[in-house]
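Protein chains in written order, with the numbering used here: chain A, 1 to 201; chain B, 1 to 201.
By construction, the Cβ of each residue, glycine as well, lies at the ideal position given by its N, Cα and C atoms.
2 protein chains.
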Amino acid sequence: MNTINTELLILESAKKLFIINGLEKTKMQQIADEAGINKSLLHYYFRTKDKLFEAVLAGILAEIAPMLKTFFGGDTPIFTKIERFVETYINLINKNPFLPEFVFNELNRNPENLVRVMISAGVDPDAILQQIEAEIESGKIKNINPKQLLINILALTIFPFLAKPIVKRILLENDEALFNQFIEERKALVSEFIINAITIK
Amino acid sequence: MNTINTELLILESAKKLFIINGLEKTKMQQIADEAGINKSLLHYYFRTKDKLFEAVLAGILAEIAPMLKTFFGGDTPIFTKIERFVETYINLINKNPFLPEFVFNELNRNPENLVRVMISAGVDPDAILQQIEAEIESGKIKNINPKQLLINILALTIFPFLAKPIVKRILLENDEALFNQFIEERKALVSEFIINAITIK
DNA sequence: GTCTATATTGTGATAGAC
DNA sequence: GTCTATCACAATATAGAC
């Protein structure tokens, strides 16, 4: 196994475990086992556990940058953006069910990471606010604080995933298939809900 | 210091630290320091760290039970319930800013705790769903999956607190006062948003 | 680069005096 | 009930052979 492959192997193994169990609960031994190598190699490549975690996190943040760009940037109409964001977010999660909670927690723990990602993705957080403002001015949507609308969109999209265990247990008989169906239904429902809420009648 | 006071002192100290830092990051030594006593006393009163945590959690869950009862039980109209829930939830958090994330995480980690609290509070999770169903039947509100509406209500209310660091940093110049103002504005805004979304025009 | 062995530290928990 | 001293173990990190 040469240098580059081992390094990537470690990163992938650590990523898998960090996402599921977080920094504290993931042990170096676990990561080594997952990668099929010795504990010492982890330190050889990444010096400390914290630095390994930082490396993993950086990779994950780079992955989600395009989604942020699609949502926050560009001049697609806001209704279309909402539909696409909900769709993209849900699809992303189907590929990696534990990712959203992990990313959300990390960005919450250190919002500067989010700032950095947005800058690196060439995204201005204010752009979408100005877009909403413009759509209000033009009479397309009701007068609402653009920041509040933005939070509402994010809340309706992200919350069900953050609260997945609760939602499954209380409302859906703890059934994974029912949850997926529930989420699938939201792809159309969330957009419709928001549009109904802010369209001028 | 007699038995009862010391026990309460430990519980309060542990509560404070567990809420802010969680189970893993809170050390027994920290709790002892916070309480101004020796580490051994913690074990004397609660045997293990896990049992101490359980005791703290039980106390907190008992605290939030009344709010759940108000929201999920009773036959107040759903619009009124929404307004009151948003108001109650926000006020609760103003008293203890770190509580919602902690409680949310714990209930998510082990939803059986939520089930238990609801039972102990005499609350049937299905009651509010039937209430929504009835209001749809009677033509008061649009046809929407009651479970989806319920999640939307919870999402719009709870999410901003879960995402507080992000919201503050990205939208509100990291200003605590602006955040409080933002939340205050939501007391009316969330209800209005939902009502607009589901009222038949 | 990769391994085995070991050092070091932190932390939950117990023993035993008072 | 409360304290000091200590144990036992787990986990990160390093030393050094190959």
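| query | Taking only beta-carbon atoms, is residue 148(B) less than 7 Å away from chain A? | reply | In the second sequence, counting from the first residue as 1, residue 148(B) sits at position 148. By this cut-off, residue 148(B) is an interface position.
| message | My output table needs one value for residue 76(A): the three-state DSSP class, helix, strand or coil. | response | Taking the first sequence and counting its residues from 1, the one referred to as residue 76(A) is at position 76. Correct three-state label for residue 76(A): coil.
| Where does the unbroken alpha helix (DSSP H) through residue 188(B) begin, and where does it stop? | Walking along the second sequence from the start, residue 188(B) turns up at place 188. Looking at the DSSP string, the run of the alpha helix (DSSP H) that includes residue 188(B) is 176-198.
| What residues of chain A sit near residue 108(B), judged by a beta carbon separation below 8 Å? | For the purposes of this step, residue 108(B) is taken as residue 108 along the second sequence, with counting starting at 1. Within 8 Å Cβ-Cβ: 162, 163, 164, 165, 166.
| said: So, for residue 113(A): in the same chain, excluding its five sequence neighbours on each side, which residues have a beta-carbon less than 8 Å away from its beta-carbon? | reply: In the first sequence, the residue the question calls residue 113(A) occupies position 113. Contacts found: 57, 61, 106, 107.
| field | Residues that residue 125(B) contacts on chain A, provided the C-beta gap is smaller than 8 Å | value | Numbered from 1 along the second sequence, position 125 holds the residue referred to as residue 125(B). Within chain A, the residues near residue 125(B) are 170, 171.
| Where residue 269(B) meets chain A, residues with beta-carbon distance less than 8 Å | Outside the shown range of chain B, which is 1 to 201, sits residue 269(B), and nothing can be said about it.
| request: Look at the alpha carbon of residue 31(A) and the alpha carbon of residue 23(A), and state the distance between them as a whole number of angstroms. | output: Within the first sequence, numbered from 1, the residue matching residue 31(A) stands at position 31. Within the first sequence, numbered from 1, the residue matching residue 23(A) stands at position 23. When rounded, the distance between both Cα atoms is 11 Å.
| task | For residue 178(B), decide whether its Cβ has a neighbour in chain A, counting only Cβ atoms nearer than 7 Å. | result | Mapped onto the second sequence, residue 178(B) falls at position 178. Output row for residue 178(B): interface = no.
| Roughly how many whole angstroms lie between the Cα atoms of residue 85(A) and residue 129(B)? | Position 85 of the first sequence, counted from the first residue, corresponds to residue 85(A). Position 129 of the second sequence, counted from the first residue, corresponds to residue 129(B). Taking the straight line joining both Cα atoms gives about 28 Å.
| said: With the cut-off set at 7 Å, would you say residue 168(A) and residue 179(A) are in Cβ contact? | reply: Here the question's residue 168(A) lines up with position 168 in the first sequence. Here the question's residue 179(A) lines up with position 179 in the first sequence. A contact, by the Cβ cut-off of 7 Å.
| said: Can you check which of these residues, 15(B), 53(B), 72(B), is closest to residue 151(B) by C-alpha distance? | reply: One-based indexing of the second sequence puts residue 151(B) at position 151. Ranking the options by Cα distance to residue 151(B), first place goes to 72(B).
| field | Residues that DSSP places opposite residue 141(A) in a beta bridge | value | In the first sequence, counting from the first residue as 1, residue 141(A) sits at position 141. Bridge partners of residue 141(A): 199(A).
| residue 165(B) - containing alpha helix (DSSP H), residue span | Mapped onto the second sequence, residue 165(B) falls at position 165. Element bounds for residue 165(B): 164-171.
| Any alpha helix (DSSP H) of 4 or more consecutive residues that is wholly inside the segment 29-108 of chain B | 39-46, 49-72, 78-95
| task | Could you check which residue in 39(B), 189(B), 101(B) has the C-alpha nearest to that of residue 159(A)? | result | Taking the first sequence and counting its residues from 1, one reaches residue 159(A) at position 159. Of 39(B), 189(B), 101(B), the residue nearest in Cα terms is 101(B).
| message | On the DSSP letters alone, give me the boundaries of the alpha helix (DSSP H) that residue 117(B) sits inside. | response | For the purposes of this step, residue 117(B) is taken as residue 117 along the second sequence, with counting starting at 1. Start and end: 111-120.
| request: Label residue 164(A) either buried or exposed according to how many other C-beta atoms from any shown protein chain fall within 10 Å of its C-beta, with 16 as the threshold for buried. | output: Within the first sequence, the letter at position 164 stands for residue 164(A). Buried: at least 16 other Cβ atoms inside 10 Å.
| For residue 98(A) versus residue 19(A), is the C-beta distance shorter than 7 Å? | Taking the first sequence and counting its residues from 1, one reaches residue 98(A) at position 98. Taking the first sequence and counting its residues from 1, one reaches residue 19(A) at position 19. Yes, these two residues count as a Cβ contact at 7 Å.
| query | By DSSP, does residue 27(B) sit in helix, in strand, or in coil? | reply | Locating residue 27(B) in the second sequence gives position 27, counting from the first residue. Coil.
| query | Between residue 121(A) and residue 69(A), is the Cβ-Cβ spacing less than 7 Å? | reply | One-based indexing of the first sequence puts residue 121(A) at position 121. One-based indexing of the first sequence puts residue 69(A) at position 69. Going by C-beta atoms, residue 121(A) is nearer than 7 Å to residue 69(A).
| request: Examine chain A for any beta-carbon lying closer than 7 Å to the beta-carbon of residue 39(B), and answer yes or no. | output: Counting from 1 along the second sequence, the entry for residue 39(B) is found at position 39. Taking Cβ atoms only, chain A never reaches closer than 7 Å to residue 39(B), which makes this a no.
| Tell me which same chain residues have a C-beta within less than 6 Å of the C-beta of residue 186(B), skipping the five on either side of it? | In the second sequence, counting from the first residue as 1, residue 186(B) sits at position 186. Counting only Cβ-Cβ distances below 6 Å, and skipping sequence neighbours, we find nothing.
| Buried or exposed: which applies to residue 188(A), given that a residue is buried once 16 or more other Cβ atoms fall within 10 Å of its Cβ? | Within the first sequence, numbered from 1, the residue matching residue 188(A) stands at position 188. Exposed: under 16 other Cβ atoms inside 10 Å.
| Within the 7 Å Cβ cut-off, does residue 151(A) reach chain B? | Along the first sequence, one-based indexing puts residue 151(A) at 151. True, the Cβ-Cβ gap to chain B drops below 7 Å.
| request: Please name the residue, chosen from 173(B), 11(B), 140(B), 132(B), that lies closest to residue 147(A) on a Cα-to-Cα basis. | output: Within the first sequence, residue 147(A) is the residue found at index 147, counting from 1. Nearest of 173(B), 11(B), 140(B), 132(B) to residue 147(A), Cα basis: 173(B).
| task | Kindly indicate which residue of 63(A), 47(A), 54(A), 41(A) has the alpha-carbon position closest to the one of residue 93(A). | result | Residue numbering aside, residue 93(A) sits at position 93 when the first sequence is read from its first letter. Comparing Cα positions, the closest option is 63(A).
| task | Give the single residue among 156(A), 9(A), 166(A) whose Cα lies nearest to the Cα of residue 192(A). | result | Against the first sequence, residue 192(A) aligns to sequence position 192. Comparing Cα positions, the closest option is 156(A).
| said: For a test of the three-state rule: what should DSSP assign to residue 124(B), helix, strand or coil? | reply: As a first step, residue 124(B) must be located in the second sequence, where it is residue number 124. Of the three classes helix, strand and coil, the one that applies to residue 124(B) here is coil, per DSSP.
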